[in-house]
Amino acid sequence: MDSLQEKLKETTEFIQKQGVGEVEFGLILGSGLGELAEEIEDAKIITYDKVPHFPISTVTGHAGQLVYGTLAGKKVLAMQGRFHYYEGHSMQTVTYPVRVMAALKAHSLIVTNAAGGVNEDFKAGDLMLIADHINFMGSNPLFGPNEDEIGPRFPDMSEAYDMSYRQTAQKIAEKQGIPLKEGNYMAFSGPTYETPAEVRFARIAGGDAVGMSTVPEVIAACHSGLKVLGISCITNLAAGMQKSLNHDEVVKTTERVKADFKTLVKETLKVL
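Residue numbers (the working numbering): 1 to 272.
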């Protein structure tokens, strides 16, 4: 079986042959938020089905392609659609694109998601800067043998979401007049939405938003030495706080707030 490094060599060589050069920032665009990739200039597009060792995203609202180019003056490699643990992928597969970004010498990752609001002060349509996370997925992408060339056996997670990046994003939001909350993201495995009891538990545990992604990618990014900025779009209030939950509502809410979301990411990128 190929080692992670051998797989990464094959993937990065393929991607570079498609015209991908320097990468400063990796970008993971969650449900309904992929439109930001359409603003990348001089874009090179590579569909996931062409990339060695990449699976295919199966979720509505996820395009399933890599987009490389310039956004807000920075060289970015964006994932327009991510891989989820609930699709049956291993944690290593879910986080493989982050490993690829690190292998292409990206120094930072901006990760976004659609999330359910748990904090009673939140409403659908809010943007939340992720201050920290709680891994309640029952797994971790670092399970198994560690490849020391890629990262340490026991990575420090005390500042998984870079403090200076968060402060910059808050200043940008204030300047642009974009309301921006800050809080903790709690990840469940999915694909079921959380029960009302799980939502009450999340609130007691210190969660402000719940979702089914992001945490594995952030763990891999920290392991690989990348700085991280995380943004959640609160697309609905979690179970027990509104009548019912469905994925269509998630996509509709992201449509409504996408202008603020795009402005926040682009203006923050400019100064990072």
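Glycine included, every Cβ here is placed at the ideal spot set by N, Cα and C.
Here the structure is a predicted model, which means the values were calculated and not measured.
Alpha-carbon spacing of residue i relative to residue j, whole angstroms
| i | j | result |
| --- | --- | --- |
| Tyr-161 | Gln-176 | 22 Å |
| Glu-174 | Glu-6 | 45 Å |
| Thr-192 | Val-199 | 13 Å |
| Leu-229 | Asn-236 | 22 Å |
| Val-23 | Leu-226 | 12 Å |
| Ala-102 | Glu-149 | 12 Å |
| Ala-37 | Asp-2 | 32 Å |
| Asp-132 | Gly-207 | 9 Å |
| Glu-147 | Gly-240 | 43 Å |
| Lys-105 | Val-98 | 11 Å |
| Gly-144 | Ile-45 | 33 Å |
| Gly-73 | Gly-30 | 22 Å |
| Glu-194 | Phe-201 | 10 Å |
| Thr-12 | Phe-25 | 15 Å |
| His-89 | Asp-121 | 34 Å |
| His-84 | Gly-64 | 12 Å |
| Lys-75 | Tyr-165 | 17 Å |
| Gly-34 | Arg-82 | 10 Å |
Strand pairing of residue i, partner residues [DSSP]
| i | result |
| --- | --- |
| Asn-285 | With the chain running from 1 to 272 in the structure shown, residue 285 is simply not present. |
| Asp-274 | Any answer about residue 274 is impossible in this case: the structure gives the chain only from 1 up to 272. |
| Leu-237 | Gly-117 |
| Ser-108 | Phe-25, Lys-227 |
| Leu-127 | Leu-180, Cys-233 |
Boundaries of the alpha helix (DSSP H) in which residue i is found, first to last residue
| i | result |
| --- | --- |
| Met-101 | 91 to 103 |
| Glu-22 | No alpha helix (DSSP H) contains Glu-22, which DSSP labels as neither H nor E. |
| Ile-219 | 215 to 223 |
| Tyr-68 | Element bounds for Tyr-68: not the alpha helix (DSSP H) but the beta strand (DSSP E), 65 to 71. |
| Met-163 | 163 to 176 |
| Ala-197 | 196 to 205 |
Inter-residue CB distance, residue i and residue j (contact presumed, cutoff 8 Å)
| i | j | result |
| --- | --- | --- |
| Leu-328 | Val-20 | Outside the shown range of the chain, which is 1 to 272, sits residue 328, and nothing can be said about it. |
| Ala-209 | Val-118 | 6 Å |
| Thr-112 | Ile-172 | That belief does not hold up - the Cβ atoms of Thr-112 and Ile-172 are roughly 15 Å apart, past 8 Å. |
| Ile-219 | Asn-140 | 6 Å |
| Met-128 | Ser-232 | 4 Å |
| Val-271 | Thr-168 | 6 Å |
For residue i, the first and last residue of its enclosing beta strand (DSSP E)
| i | result |
| --- | --- |
| Leu-272 | Run containing Leu-272: none; DSSP gives neither H nor E here. |
| Thr-47 | 41 to 47 |
| Val-76 | 74 to 80 |
| Val-210 | 209 to 211 |
Take every Cβ of the stretch 240 to 260, pair it with every Cβ of the stretch 146 to 162, and state whether three or more of those distances are shorter than 8 Å.
-> no
Taking 8 Å as the threshold, find out whether the stretch 40 to 60 comes into contact with the stretch 134 to 146 through three or more Cβ pairs.
-> no
Count the CB pairs spanning the stretch 181 to 188 and the stretch 210 to 218 that are closer than 8 Å, and state whether there are at least three.
-> yes
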